[in-house]
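> Start counting the sequence shown at -18; every next residue gets the next number (the working numbering).
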Amino acid sequence: MEKEKDQNLHHTSITLRDIEKLREPRKTYLDILIFDEEEVAQAIKNQTPVARVIFTRLEPKQKVYLPDRSQTVFSSVEYAELTIGEKQLYDLKGIDRAMCLAIGRYAHNHFRPFLAGNEGDMDPYVSREHGLVFLNEHGQVCYHDIGTFKKGSTNGTKLNDQSIIQNQMIEWRSDEYFGLGETLNVVRDGKQQVMSKFKMRYELL
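1) According to the Cβ coordinates, are Val122 and Leu70 closer than 8 angstroms?
2) Report all residues from its chain with a CB closer than 8 angstroms to the CB of Thr138; omit the five preceding and five following residues, and keep chain order.
3) Looking at Val107: is its Cβ nearer than 8 angstroms to the Cβ of Phe179?
4) Might you give, ordered along the chain, the residues of its own chain that have their beta carbon closer than 6 angstroms to the beta carbon of Asp142, omitting 5 neighbours on each side?
5) If you compare alpha carbons, which of Lys68, Thr64, Trp153 is closest to His91?
6) Quick one: which unbroken alpha helix (DSSP H) runs of 4-plus residues sit fully inside the segment 86 to 133? Chain order, please.
7) Do the CB positions of Phe36 and Ile0 come within less than 8 angstroms of each other?
8) Along the chain, where does the alpha helix (DSSP H) that runs through Val21 open and close?
9) Going by DSSP in three states, Leu82 sits in which element: helix, strand or coil?
10) Quick one: is Pro94 buried, meaning 16 or more other Cβ sit within 10 Å of its Cβ, or exposed?
11) For Arg78, count neighbouring C-beta atoms within 10 Å of its own C-beta (all shown protein chains included) and say buried if the count is 16 or more, exposed if not.
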């Protein structure tokens, strides 16, 4: 898969005690997120990352454009996943923190649902603050769905493109993925499937 430029390189964390605050109704993460580049950079300087989180977008395998490329006149129903972002998670227990990766349309998010490239229009089915990936105090990768409303992201996050997670915090297994954004009817490997336009996966390192 072709890989586009990594999105938003900043380090973000929360204190370990603030993990429980994620279970409370909230409209934003900004009251608990810590944007402390230097302290986190020093903490991970000689560390091996625990996990790599990968953000992908479904794209038609073939597109036909007008001569000036101003408009797509044909897109194939056969789709492939394009990796548009990768970020690593480190263990920050030594400074009483949990490293976080934020997902959503707002500028402070690490993974943003751009419809093309890494700028311009974004998928309206992804909330401004949609979710948060983090390492808990036991080193487990976790996911929290929020959205900008107290009941969670407007459209939720689909575990393996099936069950919807909304206003929940769960431990995330490495054999699972999260789907978010527009729902597409696509052909993959010769089979008709219903899939989310964007997906998140992770692998342990």
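Cβ coordinates follow ideal geometry from the N, Cα and C atoms, glycine included.
In short, the structure shows the following:
1) Looking up residue 122 in the sequence shown gives position 141. Looking up residue 70 in the sequence shown gives position 89. In this structure, Leu70 lies closer than 8 angstroms to Val122 by Cβ.
2) Mapped onto the sequence shown, residue 138 falls at position 157. Result list for Thr138: His111, Gly112, Tyr124, Asp126, Ile145, Ile146, Gln147, Phe159, Gly160, Leu161, in chain order.
3) Taking the first residue of the sequence shown as position 1, residue 107 is located at position 126. Taking the first residue of the sequence shown as position 1, residue 179 is located at position 198. Cβ atoms of Val107 and Phe179: closer than 8 angstroms.
4) Here residue 142 refers to the residue found at position 161 when the sequence shown is read from its first residue. Around Asp142: Gly160, Met176, Ser177.
5) Counting from 1 along the sequence shown, the entry for residue 91 is found at position 110. Considering only alpha carbons, the answer is Lys68.
6) none
7) Against the sequence shown, residue 36 aligns to sequence position 55. Against the sequence shown, residue 0 aligns to sequence position 19. No, Cβ-Cβ distance for Phe36 and Ile0 is not below 8 angstroms.
8) The sequence position of residue 21 within the sequence shown is 40, counting from 1. 18 to 24 is the extent of the alpha helix (DSSP H) around Val21.
9) Along the sequence shown, one-based indexing puts residue 82 at 101. Strand.
10) Position 113 of the sequence shown, counted from the start, is the residue given in the question as residue 94. Its Cβ being crowded by 16 or more others within 10 Å, Pro94 is buried.
11) As a working note, residue 78 is residue 97 in the sequence shown. Arg78 comes out buried.
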